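Asker: Residue numbers (my numbering): 9 to 497. Glycine residues also receive a C-beta, built at the ideal position from the N, C-alpha and C atoms. Owing to the predicted nature of the structure, the values given are computational and were not obtained by experimental measurement. Pasting in a structure now, in structure tokens, and then I'll have a few things to ask.
This is the structure:
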């Protein structure tokens, strides 16, 4: 049975014999991979719009991951090719959309970037940043533990990436060495958000309630299956990764899963005495089995061992366009007033995975992404939004197809102080006469966000009678999803 692309349950313990036997073969495969990447002929294959599809990088139960390159720039990408009907039959659409929704929010140098999503009659194509430096797990298996200085540098990047995710309401939930990729000497990127959760997936008690992880990295509260804080459990996994980096082995290992879980519940591991006192101390604070007393990220970044040579990464937050559409619409429009055309697949992504009610019922304005339907033209919408937000005292940044609305507290040097706000407004075309206005909050004051949304919806939104007709139209589009066909160039 093939190994799933998204859900990896590795053996809790890897024997030394297995490492030795696989070492020679892996080196030969790596050498062949480098030769293939240098030879343009090895990457020639089928065309997917502006991309040329090459060799297979990996394969699983939902489809394949292939090497690709843009025909015009020759820039390499990794393309996840997912079988749409198989996903629907297994009711895994929520998991796929969760990964897409998470990656749409993330623009950080230490996180693998999602550039584009394309759909065809039978496939979903996720065009991802190509990272060819190999997995952290493989590097440790082949070369052994890292020095504290080298390991601390990687841990800095990991904590920066995870902290950035949490600030945007994204919890990874499957942090492990296999999901950390090298892209340059000493630099890493966090990958595979298929098991991630957003703030909107948190239950009424403020906790997550699904167990999603690889067993050696899972936090005790996740195993307890009583609800857990996604941010706090991610920190535990970071501690397991740090232990692995500095010692060359996992802190909790056993071939018997019951015994393994017992060790995790008790945090039953020995921290080597040859590690520096600072390293021992931070590992001990992170691998605290009690989530209420476990160290938080804000305290990790103030730890003396962690602060050595620490230079925080400043993400760009450039809000680059992400197309979830057909190949032609991914090119965008330079006029800055043309909306993105929205197809049935994108409607699913905007409507909480097949539930369209969110577009028609009163929405919780505390959510990071909200929208409403309008019958103004795209040009009028952008013009009216710009005029209205300026009257409300906000600043505007324009980019093709969207507006960024911002406000900073007077006299504050921090862009994220109380009273600040950063929201992106984007327009999607449903029909020649109907549009969706989507607001995505990056950060800021909830009351300002609510005020902005309410004002825009009151002036630009359609009336109740038009909503009923629109709901019927969208439902018809969703029901026809299996007939969807997007022609590639």
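#1: Let's test the definition: count the other Cβ atoms within 10 Å of the Cβ of residue 241 and tell me whether it reaches 16, buried, or not, exposed.
#2: I'd like the span of the beta strand (DSSP E) that includes residue 196, first residue to last.
#3: State buried or exposed for residue 337, treating a residue as buried only when at least 16 other CB atoms are found within 10 Å of its CB.
#4: Buried or exposed: where does residue 216 fall if 16 or more other Cβ atoms within 10 Å of its Cβ makes it buried?
#5: What span of residues does the alpha helix (DSSP H) with residue 252 cover, start to end?
#6: Using the beta-carbon count (16 or more within 10 Å), is residue 313 buried or exposed?
#7: Identify whether residue 124 lies in helix, strand or coil by the three-state DSSP scheme.
#8: What residues in its chain sit with their C-beta under 6 Å from that of residue 72, if we drop five residues either side in the sequence?
#9: Rank 413, 96 and 123 by C-alpha distance to the C-alpha of residue 449 and give the top, closest one.
#10: Hey, would you say residue 151 sits closer than 8 Å to residue 190, going by beta carbons?
#11: Check whether the segment 166–186 touches the segment 275–295, taking contact to mean three or more Cβ pairs, one atom from each stretch, closer than 8 Å.
#12: Have a look at 404, 297, 304 and 415 and flag the residue whose alpha-carbon is nearest the alpha-carbon of residue 230.
#13: Is the beta carbon of residue 256 closer than 8 Å to that of residue 153?
#14: Using 8 Å as the threshold, is the C-beta distance between residue 305 and residue 404 below it?
#15: Tell me whether residue 169 is buried or exposed, calling it buried when 16 or more other Cβ atoms sit within 10 Å of its Cβ.
#16: Assuming the contact rule is C-beta atoms closer than 8 Å, residue 445 and residue 380 should be a hit. Round their C-beta distance to whole Å, please.
#17: If you follow the alpha helix (DSSP H) that residue 318 is part of, which residue opens it and which one closes it?
#18: Is it the case that the segment 110–123 contacts the segment 132–146, given that we only count it when at least three CB pairs across the two stretches are under 8 Å?
#19: In angstroms with no decimal places, state the Cα-to-Cα distance between residue 59 and residue 233.
#20: For residue 226, which beta-bridge partners are listed by DSSP?
#21: Could you please give the first and the last residue of the uninterrupted alpha helix (DSSP H) stretch that includes residue 394?
#22: Taking just the CA atoms, how far does residue 172 sit from residue 457?
#23: Determine the closest residue to residue 94 out of 86, 104 and 85, with distance taken between C-alpha atoms.
Answerer: The structure says:
#1: buried
#2: 195–198
#3: In this prediction, residue 337 scores a pLDDT of 33, lower than 50, which makes its location untrustworthy; the coordinate-derived value is nonetheless stated afterwards. Counting Cβ neighbours within 10 Å, residue 337 comes out buried, since at least 16 surround it.
#4: Because residue 216 carries a pLDDT of 35, less than 50, the predicted location of this residue cannot be relied on, and no value is offered for it.
#5: 238–255
#6: buried
#7: strand
#8: 64 and 89
#9: 413
#10: no
#11: no
#12: 297
#13: yes
#14: no
#15: buried
#16: 6 Å
#17: Segment: none, residue 318 is in no alpha helix (DSSP H) and carries neither H nor E.
#18: yes
#19: 43 Å
#20: According to DSSP, which records beta bridges pairwise, residue 226 is partnered with nothing at all.
#21: 386–399
#22: 21 Å
#23: 104
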